[in-house]
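Residue numbers (the working numbering): 1 to 631.
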Amino acid sequence: MEHGPTGPGPRPARGRGPIGRGPRPAPGRGPAGRDSAAEEPGPAEEPGPASTPDRAPAPDPPPDRPDLRSALGHRALRELLAAQRDRIGHYARTHRPPPRPVAPGPPAAPPDPVPAPVQELLDAMPAAALLVAPVLDGDGRVTDFLHLAHNTRAVAYSRAHVPADSVPPWTGPVPLFDRFPVLAGTGLPRMLADAHRERTAQGPEIVEWFVPRRSGLPARLSDEVRVAPCGDRLLVTWEPGHRVRMAVAAQKLVRTCWAEWNIADGTVTPSLGFGHVLGLAPGVPAPGDLLGLADLLVPAALPDLHALLYDVLLRKRRAERALRFAGSRERIVRVVAEPVRPRGGPVWAIRAVLVDVTDDRRRRALAEAADAEARRQRARAEALGEVSDALRDAVLPRSPGGLAAYGIDTVAVYRPDSTGSGVGGDWYKARRLPGGRLLLALGDARGHGLDAVTLMAKLRYGLAGLAYTDAPVERLTRWLNDMACDDGAESTATAVIARYHPERAVLRWTCAGHPLPVLLRDGRAALLPAPPGGPGLTLGVLPDTTYTAAETPLVADDIVLLYSDGLIERRGTDPDEDAARLLDAAARVLRDHPVRDHAGLQAYADALMARLDGPHRSDDVTLLALRRTRA
């Protein structure tokens, strides 16, 4: 509240009614607007003007400035704050109280001037104050309040906080709510009426209000107000109220409080947030001494409290402990305490700061548990990777060469999963069979890690054994499919299984859900046509599946590429685009790396793998290149 040349004024308390809405409530009729205007959903959310005339929007920063992001961020903040100021101005304009009606009849006689000793006594007070006289009707009911006088501190407060153009200059006694209309919508009228009627002091109570300006935004004020009867007058005193509320709010926001326990008389002087930090329900009194504090702890925490008190009381030093408090939600409160004692005397009080660290401890525990689980998973993945690598090295040949004497030269290139998710299930087989024919195959077992490598080993060794029966490749593929079906529902794989017939220079092959091979002839690349009826079903999906074989005659220097899908498939791409990219790369790389011998074939395969490989790949990849020699 403020007075003086520019005027007085406390602010409306939180939890009070709308400021200045409708006619001023009659004094003495109970609470005058108990809900704060800040809590009203209506006018506070009404849209105001987009911007004020004297606030032009900030120009857009040049797009080539390096600090563009910072400039845009500052502009967004300015616009946000400007819009909120407009809402406040709109609220203040719509909540200005209407002029008070003039009472009919002759004007009331002016009150007697305040005696000089009374004014001197007011000026000697350490707080801002004003003297108010209730106006009574013939039945003794309060009808109004007169602002009689104020002290020098009220004048200083008014000059510091109340806009000079918002309150008329002081010319003598005047109705209080004519001078400060917005105060009529706060709790002050009720406090004045109760103090007059009950003859007891009222408050302290937080009064929040605003002072309209003739131009510009209103001034917001908040004061801790007291009203006390003083003879037949009322003395209103106030001081800035935000300090107490900010202290309470700060303690709640950071879950911190403080207290001082007096050992001699067993009392405690706590801060306002003491009960909140301890988890006490509203209205439940805080413990009055240290034994009462101990009663709030879980039994296992009593030794910690004893150690804390021992260090402070007997060792006379600062101590710190984390204490666990019982309740529907167990709390962990860190207590930092120090001794309070006269020079050379015993500790007669303990001063402490208490911080609720429950959420911090729980978050830390969750983070530590998550980190431990991540380490376990990483260790498991590394162990599985080592086993998978060892198993792959054991079952896959170092080089598939050694078949050139039978008219086919072969090389292989393998790249593990670039994302580090584990060893995959790619496998290949290239070897001579009895009768001079050659077994050539490449497959991809489902998944990653040890399970995929295990299935890969079963299929590879199973095929090697079955191939000695001299059965056609379509039957070998059917047997391999039954083997995968018997291994379990998750044991699926794709494969191309081929047998090369040197006497006819024919590659006879089947496809089980696998990408079609690529034929390079005369510098051009093309996918081999699928076997009759199309590619067969993936291995391990349905038992007793039949497969058909395709026959591809090969001429000298023809190159056939067998590969796993990791070479071409990318997330979010079309399979036809993937195939086209492979064909283009295969032809381009061949022009840059012509193949004339085994070393040239290896260089070509390495170059093609390097061209198609990259960090975008999410699977392991194998490339098996076959070249028909001139021998």
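For every residue, glycine included, the Cβ atom is placed at its ideal position computed from N, Cα and C.
As the structure is a prediction and not an experimental result, all values here were calculated from the model.
Within 9 angstroms, strictly: CB atoms of residue i and residue j
i: Trp509; j: Leu440; result: yes
i: Leu296; j: Gly273; result: no
i: Val236; j: Ser222; result: no
i: Ala493; j: Gly424; result: no
i: Pro218; j: Gly89; result: yes
i: Val506; j: Pro472; result: no
i: Arg331; j: Pro339; result: no
i: Pro229; j: His196; result: yes
i: Arg627; j: Thr469; result: no
i: Arg460; j: Gly447; result: no
i: Asp417; j: Asp86; result: no
i: Arg432; j: Leu403; result: yes
Alpha-carbon spacing of residue i relative to residue j, whole angstroms
i: Arg93; j: Pro175; result: 23 angstroms
i: Arg475; j: Ile559; result: 26 angstroms
i: Gly465; j: Lys458; result: 11 angstroms
i: Asp522; j: Arg591; result: 10 angstroms
i: Ala156; j: Leu77; result: 34 angstroms
i: Leu234; j: Val254; result: 40 angstroms
i: Ala625; j: Ala585; result: 14 angstroms
i: Val135; j: Ser271; result: 41 angstroms
i: Pro285; j: Leu188; result: 29 angstroms
i: Thr546; j: Trp479; result: 10 angstroms
i: Glu39; j: Val277; result: Interpretation of Glu39 is limited by its pLDDT of 37, a score under 50 that renders its predicted location unreliable; no figure is taken from the coordinates.
i: Asn151; j: Pro113; result: 15 angstroms
i: Arg570; j: Val355; result: 53 angstroms
i: Thr186; j: Pro97; result: 12 angstroms
i: Arg159; j: Ala128; result: 12 angstroms
i: Ala294; j: Glu224; result: 35 angstroms
i: Asp194; j: Val347; result: 46 angstroms
i: Ala184; j: Pro163; result: 19 angstroms
i: Val335; j: Ala319; result: 8 angstroms
i: Pro515; j: Ala370; result: 40 angstroms
i: Ala452; j: Lys252; result: 55 angstroms
i: Ala579; j: Ala605; result: 17 angstroms
According to DSSP, residues forming a beta bridge with residue i
i: Asn481; result: DSSP, once it has assigned bridges, lists no residue as partnering Asn481.
i: Trp427; result: Gly443
i: Ile206; result: Glu224
i: Ile568; result: The partner list for Ile568 (beta bridge, DSSP) is empty, contrary to what the question assumes.
i: His150; result: Leu130
i: Phe274; result: Beta-bridge pairing links Phe274 to no other residue.
i: Thr237; result: Ala129, Arg226
i: Asp409; result: Arg627
i: Glu551; result: Arg508
i: Glu260; result: Thr269, Arg351
i: Asp144; result: Val135
i: Tyr414; result: Thr622
i: Ala498; result: Leu440, Trp509
i: Ile332; result: Arg324
i: Val211; result: Ala219
As assigned by DSSP and simplified to three states, the class of residue i
i: Glu503; result: coil
i: Ala404; result: helix
i: Phe325; result: strand
i: Tyr563; result: strand
i: Pro472; result: coil
i: Ile350; result: strand
i: Leu438; result: strand
i: Glu338; result: strand
i: Arg521; result: strand
i: Leu122; result: helix
i: Pro175; result: strand
i: Gly185; result: helix
i: Gly536; result: strand
i: Arg315; result: coil
i: Thr358; result: helix
i: Arg343; result: coil
i: Ala201; result: coil
i: Leu527; result: strand
i: Ala493; result: strand
i: Arg96; result: coil
i: Leu297; result: strand
i: Arg432; result: strand
Exercise. Looking at C-beta atoms only, is the number of pairs between the stretch 322-339 and the stretch 292-307 that lie closer than 8 angstroms three or more?
Worked result: Taking 8 angstroms as the limit for Cβ pairs, the verdict is that the stretch 292-307 does touch the stretch 322-339.
Exercise. If you pair each beta-carbon of the stretch 564-579 with each one of the stretch 376-383, do three or more pairs fall below 8 angstroms?
Worked result: Taking 8 angstroms as the limit for Cβ pairs, the verdict is that the stretch 376-383 does not touch the stretch 564-579.
Exercise. Does the count of Cβ pairs from the stretch 576-583 and the stretch 517-535 closer than 8 angstroms reach three?
Worked result: Contact holds: three or more Cβ-Cβ distances are below 8 angstroms.
Problem set entry | Segment contact flag, the stretch 530-550 with the stretch 467-487, C-beta cutoff 8 angstroms, min 3 pairs | With the cut-off at 8 angstroms, the stretch 530-550 and the stretch 467-487 touch.
Exercise. Does the stretch 161-168 touch the stretch 199-206, meaning 3 or more C-beta pairs lie closer than 8 angstroms?
Worked result: No: the two stretches stay apart, fewer than three of their Cβ pairs being nearer than 8 angstroms.
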